[in-house]
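For the sequence shown, the numbering used here gives the first residue as 13, with consecutive numbering after it.
This report concerns only the one structure given below.
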Amino acid sequence: MPDRVEDILMGEETLFKDITVFNPDYIPENFLHRESQMEALALCLRPALKGGKPVNSVVIGSPATGKTTAIHKIFEMVERKSQKVATAYVNCQLYNTRFNIFAQIYKQLFGFLPAGTGVPFSRIYGEIMKKLSNEKKALVVALDDVNHLFYHKNANQILYDILRAYEVFPGVRTGVFAIISDIEFRFLLDKNVSSVFIPQEVMFQTYTWQEMRDILNERVKSGFYPSVVPDEILDEIVDVTSSTGDLRVGIDLLRTSGNFAEADASKTIAKKHLDKALHDIGSQSIQNTLDNLSADERELLRVLVQRGDDNPTAGDLYNTLKEYRSLSYASFDRVLKKLEFMRIIDTKFTGKGKRGNSRLILLRFDSKELGKWLD
Numbered sequence: 013m014p015d016r017v018e019d020i021l022m023g024e025e026t027l028f029k030d031i032t033v034f035n036p037d038y039i040p041e042n043f044l045h046r047e048s049q050m051e052a053l054a055l056c057l058r059p060a061l062k063g064g065k066p067v068n069s070v071v072i073g074s075p076a077t078g079k080t081t082a083i084h085k086i087f088e089m090v091e092r093k094s095q096k097v098a099t100a101y102v103n104c105q106l107y108n109t110r111f112n113i114f115a116q117i118y119k120q121l122f123g124f125l126p127a128g129t130g131v132p133f134s135r136i137y138g139e140i141m142k143k144l145s146n147e148k149k150a151l152v153v154a155l156d157d158v159n160h161l162f163y164h165k166n167a168n169q170i171l172y173d174i175l176r177a178y179e180v181f182p183g184v185r186t187g188v189f190a191i192i193s194d195i196e197f198r199f200l201l202d203k204n205v206s207s208v209f210i211p212q213e214v215m216f217q218t219y220t221w222q223e224m225r226d227i228l229n230e231r232v233k234s235g236f237y238p239s240v241v242p243d244e245i246l247d248e249i250v251d252v253t254s255s256t257g258d259l260r261v262g263i264d265l266l267r268t269s270g271n272f273a274e275a276d277a278s279k280t281i282a283k284k285h286l287d288k289a290l291h292d293i294g295s296q297s298i299q300n301t302l303d304n305l306s307a308d309e310r311e312l313l314r315v316l317v318q319r320g321d322d323n324p325t326a327g328d329l330y331n332t333l334k335e336y337r338s339l340s341y342a343s344f345d346r347v348l349k350k351l352e353f354m355r356i357i358d359t360k361f362t363g364k365g366k367r368g369n370s371r372l373i374l375l376r377f378d379s380k381e382l383g384k385w386l387d
């Protein structure tokens, strides 16, 4: 056993030409099937390049549809080609307080973080805006997973601070790209913010099977040596990825099955390596999805799982849910739409119910498997 472990750790032969291609933060040079979205983002930035105010945008789409990559690509392009626009990207899962958000903006403008203690917010805010004013630069801030700011009840204040900076610092031009996977975002702004936000919506649809194959094949060509991934293995990975709607699943499967093949001293990825990778990744994918659900969303899903595979109508499911949780039908309907948007459930209209078309609710995951992760 020790010799086998040492062989795995120290073996020099590898199937990977560049294993970083499969890292979560990898930005592909050839960004496929998002031309129209990149053009829309460019149009939002164009006024700032000409001395005007950037157009605010809501970048919306389910997870792993290229939203964050598109932002990084367009920001890199702007910073490289123009001195008139400063950009800042903030992951709101990691930074969700007013101070931390602006500390990240400060870091990306000045190259270093402000002092961690004893520095008032007003000083950091003022230095950011004075720098923009002095350099006559517009600022575009991308707030990724902006829904986390709403969970912490400070989204409106942060958006207000950015978008209304011109009231305190005349001439400063600011804009926000709000990146979100939650279709409820547009309903959560107060009037003071919504009156200045008025965003252009840029929709990132779920990739088709062929688009996923093109993207994953590009990763194969960049990350592996030739002939490591047979076409039939790639097609099976694309099938699994398409069924989840999450491109990250396919990227993880390529990396993990490649690791298993390498440990076997195999020159190609075989079916047994993919099967082992599928077992390892499947459970983690479900857990990551559930971790992003609210209490209401988890409770509805729990009730649906308890019903097994009977595919209830929306009305029946709502009546069952009311026994556990006080929720209006409008709120229930929004939760259903969120779960469908995240590809956890499907809905199917069938015939006429008592109040119109009746919707069947179908789980996309095995109910027993899902139940284990909800416990």
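Glycine is no exception: its CB is placed at the ideal position from the N, C-alpha and C atoms.
In this structure, the beta-carbon distance from R376 to R346 does not fall below 8 Å. Following the DSSP letters along the chain, one finds Y38 in no beta strand (DSSP E), marked with neither H nor E. Of all alpha-carbon atoms in L302, N112, G73 and T129, the one lying nearest the alpha-carbon of L386 is that of L302. The beta carbons of V152 and G123 sit no closer together than 8 Å.
T26 places its beta carbon 8 Å or farther from that of E230.
With fewer than 16 other beta carbons inside 10 angstroms of its own, H164 counts as exposed.
The stretch 69 to 86 makes contact with the stretch 172 to 192: 3 or more CB pairs, one atom from each, lie closer than 8 Å.
When C-beta atoms of the stretch 232 to 241 are compared with those of the stretch 266 to 284, three or more pairs fall below 8 Å, so the two segments count as touching. With distances taken between CA atoms, D378 lies nearest to L313 out of A342, L313 and T332. Straight-line measurement puts the Cα of L316 at about 13 Å from the Cα of R337.
Take M141, set aside five residues on each side of it, and the residues of its chain with a beta-carbon closer than 6 Å to its own are A177, F181 and V184, in chain order.
Under the criterion of beta carbons closer than 8 Å, H84 and Y107 do not qualify as touching, at roughly 17 Å.
Exclusion of the five residues before and after L329 leaves I373 as the residues of its chain whose Cβ lies within less than 6 Å of its Cβ.
Runs of the alpha helix (DSSP H) spanning 4 or more residues and lying entirely within the stretch 325 to 384 occur at 326 to 333 and 341 to 353, in chain order. Going by C-alpha positions, N168 is about 14 Å away from D157.
Judged by their CB atoms, H45 and I227 are nearer to each other than the 8 Å cut-off. The continuous alpha helix (DSSP H) containing L259 extends over residues L259 to A275.
Within its own chain, the residues whose Cβ lies closer than 8 Å to the Cβ of Y118, once the five positions on either side in sequence are excluded, are L125, P126, I136, E139 and I140, listed in chain order.
Looking at the DSSP output, D156 bridges to N103 and I191. Around the Cβ of L266, a 10 Å sphere holds 16 or more other Cβ atoms; the residue is buried. Exposure of S255 is indicated by the presence of fewer than 16 other C-beta atoms within 10 angstroms of its C-beta. Counting every other CB atom within 10 Å of its CB across the protein chains shown gives T129 a total below 16, marking it as exposed. Within the DSSP secondary-structure output, L151 pairs in a beta bridge with A98 and T186. In chain order, F133, N166, Q169, I170 and D173 place their CB closer than 8 Å to the CB of R110, counting only its own chain and leaving out the 5 sequence neighbours on each side.
For the 8 Å CB-CB criterion, A115 and L144 do not form a contact.
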